[in-house]
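**Q** Take this structure, written in structure tokens, and hold onto it; I'll ask about it next.
In full-length UniProt numbering, the protein residues as written are 1 to 347.
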């Protein structure tokens, strides 16, 4: 397997909506192309042209999604094209064309949100019924057939809607669990690595500034040993809540060890990173408590340098944390500059 193929497969695995658009697009092209050729060869040009437009639109939408990484617009576009195409085919072919409405219902629920899919299905059914009433016998052979078709389509739509909503909710929950620490609610190490990669790429392309703080709760093992792990867990949760209150909305907090955390600060230069570290030192020392008394934190920080790899950036911050702990804890050391201990910062 070539490197390029491996990258494409990895991208499909990591992007659920792109994989759905690609898969459904493939099925659409394979399933509709033979009909387009057959109808054009047999002189049914209206339906044949409609099939051809659907096939070409599908190819365009899939290509657009791959190039732009935008899966929302192609999904809406395909749902609209397929809905209009299926409606025209059903009107032209009558009963034989109605069979395409059922896969259309499923297709739309895969392409767009459940509400949009339900709306698209409703518009298709209203269009078919309106045409059938204006031109009797053009679509349905009898009123009984029309009512039966509407009932079965509505049942299929409601069941698809319920399934789509449930699936979307479960997928969102799984994605949330995949990137968050279940105890504290902070993002986990997997999410941290991805965010640091994004920060590195943003810095290279747009020269955006980033700083990070690596934090380690001082003597945390003693809290677990003296008061139990449940108390230690409470301290960790309280620490995360405190850091979030002290941080900006755009800052990202991650837990990547037992009592080790990382705070990523976008749009932050060295002075801002030092000020943030001082603020966190003082707030933690003042507000974070355990049954044994106040809890303090040691902090190491670094600003992302031009051309630096994210792992090197993280390593510099980690080395600064090691210095902060070796120099007495309850202090911050920032690469290329240092902040005083928390008690000194308050005086």
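Glycine included, C-beta positions come from ideal geometry on N, C-alpha and C.
To the nearest angstrom, report how far apart residue 20 and residue 111 are at their CA atoms.
**A** In the chain shown, the residue the question calls residue 20 occupies position 20. In the chain shown, the residue the question calls residue 111 occupies position 111. Cα-Cα distance, rounded: 7 Å.
**Q** Rounded to whole angstroms, what is the Cα-Cα separation between residue 345 and residue 297?
**A** Residue numbering aside, residue 345 sits at position 345 when the chain shown is read from its first letter. Residue numbering aside, residue 297 sits at position 297 when the chain shown is read from its first letter. Bear in mind that the predicted position of residue 345 carries a pLDDT of just 43, short of 50, making it unreliable; the figure below should be weighed with that in mind. If I take the Cα positions, the gap works out to 14 Å.
**Q** Below 7 Å CB to CB, which residues in the same chain sit around residue 139 once its five sequence neighbours on both sides are set aside?
**A** One-based indexing of the chain shown puts residue 139 at position 139. Within the same chain, residue 139 has close Cβ partners 90, 91, 94, 128, 131 and 132.
**Q** Taking the C-alpha atoms as reference points, what is the distance between residue 305 and residue 116?
**A** Taking the chain shown and counting its residues from 1, one reaches residue 305 at position 305. Taking the chain shown and counting its residues from 1, one reaches residue 116 at position 116. C-alpha separation (whole angstroms): 45 Å.
**Q** Using only the heavy atoms of the ligand SAH, determine whether one of them is closer than 6 Å to the beta carbon of residue 80.
**A** Absence of the ligand SAH from the depicted structure is noted, as is the absence of any ligand whatsoever, leaving it without description.
**Q** Hey, which unbroken runs of the beta strand (DSSP E) at 3 residues or more fall wholly within the segment 171 to 245?
**A** Look at the segment 171 to 245 and you find these whole runs of beta strand (DSSP E), each 3 residues long or longer: 210 to 217.
**Q** Nearest CA to the CA of residue 53: which residue from 43, 75, 64 and 29?
**A** As a position in the chain shown, residue 53 is number 53, starting the count at 1. Taking only the C-alpha atoms, the option nearest residue 53 is 29.
**Q** Determine the burial state of residue 274: buried for a count of at least 16 other Cβ atoms within 10 Å of its Cβ, exposed for fewer.
**A** Counting from 1 along the chain shown, the entry for residue 274 is found at position 274. Counting Cβ neighbours within 10 Å, residue 274 comes out buried, since at least 16 surround it.
**Q** Can you tell which of 50, 68, 314 and 70 has the C-alpha that lies nearest to the C-alpha of residue 82?
**A** Along the chain shown, read from residue 1 onward, the residue named residue 82 stands at position 82. For residue 82, the nearest C-alpha among the options comes from 50.
**Q** Between which two residues does the beta strand (DSSP E) harbouring residue 266 extend?
**A** Here residue 266 refers to the residue found at position 266 when the chain shown is read from its first residue. In the DSSP assignment, residue 266 falls within the unbroken beta strand (DSSP E) covering 260 to 266.
**Q** Is residue 338 helix, strand or coil when you go by DSSP?
**A** Residue numbering aside, residue 338 sits at position 338 when the chain shown is read from its first letter. Any reading at residue 338 needs caution, since the residue's pLDDT is 48, under 50, leaving its predicted position unreliable; the model's value is listed next. Note: residue 338 maps to strand in three-state DSSP.
**Q** May I ask you to list the residues that DSSP assigns as paired with residue 299?
**A** As a working mapping, residue 299 is identified with position 299 in the chain shown. Note: residue 299 sits in a beta bridge opposite 215 and 332.
**Q** Pick from 107, 145 and 96: whose alpha carbon is nearest that of residue 17?
**A** If you number the chain shown from 1, residue 17 lands on position 17. Of the candidates 107, 145 and 96, the one whose C-alpha sits nearest the C-alpha of residue 17 is 107.
**Q** Start and end of the beta strand (DSSP E) containing residue 283?
**A** Numbered from its first residue, the chain shown carries residue 283 at position 283. Per DSSP, residue 283 belongs to no beta strand (DSSP E); it is in the alpha helix (DSSP H), 270 to 287.
**Q** What is the C-beta distance between residue 272 and residue 214, in whole angstroms, given that I count them as a contact (C-beta under 8 Å)?
**A** If you number the chain shown from 1, residue 272 lands on position 272. If you number the chain shown from 1, residue 214 lands on position 214. The beta-carbon distance between residue 272 and residue 214, rounded to whole angstroms, is 17 Å. This is too long to meet the 8 Å contact definition.
**Q** Counting only the same chain and skipping the five closest in sequence on each side, list residues whose C-beta sits under 7 Å from that of residue 244.
**A** Within the chain shown, residue 244 is the residue found at index 244, counting from 1. These residues qualify, in order along the chain: 253.
**Q** Touching or not, the segment 152 to 160 and the segment 225 to 243, by the rule of three or more beta carbon pairs under 8 Å?
**A** Short answer: they don't touch.
**Q** By the DSSP assignment, the beta strand (DSSP E) with residue 253 in it spans what residues?
**A** Here residue 253 refers to the residue found at position 253 of the chain shown. Judged by DSSP secondary structure, residue 253 falls within the beta strand (DSSP E) whose first and last residues are 252 to 255.
**Q** Out of curiosity, what's the CA-to-CA distance linking residue 262 and residue 225?
**A** Within the chain shown, residue 262 is the residue found at index 262, counting from 1. Within the chain shown, residue 225 is the residue found at index 225, counting from 1. The alpha-carbon atoms of residue 262 and residue 225 are separated by roughly 24 Å.
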